[in-house]
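Worksheet: one structure, shown below.
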Amino acid sequence: MSSVEKLFEYGKTILTETELQQVIKETDYGLFHHVVETLVDDGILVPVKSSGLNGRLPPLFNKYRIIKPKEDFSGYFESIRHLNPALNISGYLKRPELYKKHREIVEA
């Protein structure tokens, strides 16, 4: 399991530097800094600037927020439009994640 997958599976959305180091499992600070900077550049982590810097060289922020990718629901819109006309589909068009959850029941 890669460090990105471990971050997405982690229960919290904001991690301290120590928690982040435990998830990534990198003991060398230089390599850890490189991994964190790569994750920030990729948009997976965002530093919480109000938490301040850790005081080490090179510096890292004390806390980071995990940005989980948004799920693409574009494939569901066509299925929603083909539902029985007696159903009010406006709720599913506004919130396709509900349609995904209720799909087996609605299409039965």
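Residue 4 is where the sequence shown starts when you use the working numbering, and the numbers rise one by one after that. Even glycine gets a Cβ: it sits at the ideal position worked out from N, Cα and C. Because the structure is a prediction, the values reported are computed rather than measured.
Task: One or two residues paired with Y67 in a DSSP bridge - done: Bridge partners of Y67: L18, P50.
- [ ] Please list, in chain order, all residues of the same chain as K52 whose beta carbon is under 8 Å from its beta carbon, the five residues on each side excluded.
- [x] F64
- [ ] Return yes when the Cβ of L18 is within less than 8 Å of the Cβ of I83, no when it is not.
- [x] no
TODO: Pick out whichever of E8, E110, D75 has its Cα sitting closest to the Cα of L90.
DONE: E110
Task: Those residues which DSSP pairs with L56 across a bridge - done: F64
- [ ] Using the Cα positions of P72 and E29, report the straight-line distance between them to the nearest angstrom.
- [x] Cα-Cα distance, rounded: 24 Å.
Task: Assigned secondary structure, D44 (DSSP; H/G/I helix, E/B strand, else coil) - done: helix
Task: Coil, strand or helix - L86 by DSSP - done: coil
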